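Worksheet: one structure, shown below.
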RNA sequence: GCGCCAGUAGCUCAGCAGGACAGAGCAGCGGACUUCUAAUCCGCAGGUCGCAGGUUCGAGCCCUGCCUGGCGCGCCA
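Here's what the structure looks like:
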């Protein structure tokens, strides 16, 4: 419906331009949006306002021309069937009012599509990789990772629903100094258990889980690790601890409803010589040079503030080295869109990775680096700070345990990704009106319960073909139909802007309308025609609610 | 010192690519269950959109400066 209107509008604007002897601006893409405010009609467009800017003309005047052109196009395109009026308003908006029949048609359309309503081909089958979470396997996932997990997973769902071919990837930082520190920390705890004197390093991993890992090593190896060279023993500890932690991470994500297609190991980049190859290439094209004994990426030539060390003077690579190889690997896999979802604390890293990609000879456009801001965990009025090394954090698993997967996921998506999030455990746990996840799920359950009631009382729903929807005349009913009709646009804009939280806000609004409707109108008590029509309206609502919950990875209960 | 994100109602936040009167939830006050689930709904009250300039026919949104909070700026990750 929106697309039909958009096409008509586009024709009308073209006609107008031709008449005025002006070129249609190349980047002309007017908004056509569902209007919630009755007074402004059903749909409205800012076409004339945008055009006015480009053509340096009076917007109201242009709008007048467009509306005039519209009337003529109208007849030829059969738009008369759905369009009631098109008028100029305010500073130059064009407001469209549809005949009510148009909404009824859209309702039938929703019912025909069912839970597939809103699926789009925006992505045109393009391949997109979403890399997210990617936490070091040096400790369990905490609440901050949970936000990335939820955000990335829903973004991936959303893109898949929008016609992209999506792959989810987790980059395992299983090489480097932090893993070495994990090995050392675990080894020391192991020694401690065997009553050796230890000197625990300042920046070691102090979490309880390290002691637990040491305990397992003690069971498995007994005293044998003490008999080895310390270096060798630490290497074993590192491998054992890393594997165990990674296994835990997979499990936590699984429990959180997040699954990855690929677990990509940093270590493998060294083993396959991918790092070496990438650095060779950079040396060849002059983007990697030696200075003070170290190797530097000429990142300042590609927008970074300064050049960055890739290989230290002592020969050990920095993180950037593997990141260069990793991104080369990503680009070599020829995705149309590569999304890196990082914690906001890594934002300073963006210019150098973008620079690295360009230094390798790739156009950086397919790479989108998104940031997820920090999570402040709040328990009542107490603020919990999170630091992996200090071991003072609440894990994702604990949160899922305490508030449930549904509430946790929903809460994470209750804010824009780039805004700080206060996650209140007490609130998420509450089964009350304050908690929006139940508000939404309750709507789904309520509809299911009306179906039950209908079945019990034998009030049969007439076949769709025989139902005359024109008996749906209540303002709230029209409003619900409009709200449903807005769904494809919400999906489209959420996918285009990579902002999954818009789904959350939309669904809260939709079920709000539904709850109001429920409280003011009886579904089953009317005559069979009306009852059937209303049951179908409910079914359309249920489909969209179920679909959005599915995209959010939240269950859609039939009773609560 | 430089950079990134934020500053909207008492609180937590929306505000879609500058547009039509700034919205929601919670908290506060007052109402609605012999009814398809009250995990719901209705009503009232509540805001110089951090401050000051600027661009524009039009700014919560863009530009400049300042203030406040968070986070980064390493041959740490």
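In this note's numbering, the protein residues as written are 9 to 568. For every residue, glycine included, the Cβ atom is placed at its ideal position computed from N, Cα and C. Small disclaimer: the values here were computed from a predicted structure and weren't measured.
From the listed residues 334, 268, 363, the smallest Cα separation to residue 158 is found for 268.
When DSSP states are grouped into helix, strand and coil, residue 468 belongs to the coil group. DSSP lists 139, 270 as the beta-bridge partner residues of residue 177.
Straight across, the Cα-Cα distance linking residue 445 with residue 377 is about 29 Å. Taking the C-beta atoms as reference points, residue 140 is found nearer than 9 Å to residue 349. With respect to residue 265, residue 413 sits close: the two C-beta atoms are nearer than 9 Å. Per DSSP, residue 48 lies in no beta strand (DSSP E) segment and is marked neither H nor E. For residue 134, there is no enclosing alpha helix (DSSP H), since its DSSP letter is neither H nor E. Residue environment for residue 201: exposed (fewer than 16 other C-beta atoms within 10 angstroms of its C-beta). For residue 527, the uninterrupted alpha helix (DSSP H) run begins and ends at 509 to 528, by DSSP. Take the alpha-carbon of residue 29 and the one of residue 283: they are about 58 Å apart.
A distance below 6 Å between beta-carbons, with the five flanking residues on each side excluded, links residue 542 to the following residues of its chain, in chain order: 531. For residue 94, the enclosing beta strand (DSSP E) begins and ends at 91 to 97.
The C-beta separation of residue 118 from residue 548 comes to about 4 Å, placing the pair in contact by the 8 Å criterion.
Residue 339 places its beta carbon less than 9 Å from that of residue 346.
For residue 386, no alpha helix (DSSP H) encloses it; the enclosing beta strand (DSSP E) starts and ends at 383 to 387. Burial is judged here by how many other beta carbons sit within 10 angstroms of a residue's own beta carbon; residue 415 has at least 16 and is buried. Counting every other CB atom within 10 Å of its CB across the protein chains shown gives residue 211 a total below 16, marking it as exposed.
For residue 310, there is no enclosing alpha helix (DSSP H), as DSSP marks it with neither H nor E. Ranked by Cα distance from residue 199, the first of 223, 567, 171 is 223.
Classified as buried, residue 480 has 16 or more neighbouring CB atoms from the shown chains inside 10 Å of its CB. Per DSSP, residue 152 lies in no beta strand (DSSP E) segment; the continuous alpha helix (DSSP H) that holds it begins and ends at 151 to 169. Partner residues in the beta bridge of residue 299, as assigned by DSSP, are 302.
Taking one beta carbon from each stretch, the region 96 to 112 and the region 313 to 330 have fewer than 3 pairs nearer than 8 Å; the two do not touch. DSSP places residue 325 in the strand class (E or B) of the three-state scheme. For residue 409, the enclosing alpha helix (DSSP H) starts and ends at 404 to 411. If you draw a 10 Å sphere on the C-beta of residue 490, you find 16 or more other C-beta atoms in it, and that means buried.
Residue 454 and residue 566 have their C-alpha atoms spaced approximately 8 Å apart. Taking the Cβ atoms as the reference, residue 112 lies roughly 17 Å from residue 495, outside the contact range of under 8 Å.
Going by beta carbons, residue 404 and residue 151 fall inside the 9 Å limit. When the beta-carbon positions are compared, residue 452 and residue 564 come within less than 9 Å of each other.
The region 352 to 369 makes no contact with the region 157 to 173, as fewer than three CB pairs between them are under 8 Å.
Taking 9 Å as the cut-off, the Cβ atoms of residue 292 and residue 425 do not count as close. If you look at residue 288, you'll find it in the alpha helix (DSSP H) that goes 282 to 292.
Per DSSP, residue 264 lies in no alpha helix (DSSP H) segment and is marked neither H nor E. Here the alpha carbon of residue 537 sits roughly 27 Å from the alpha carbon of residue 555.
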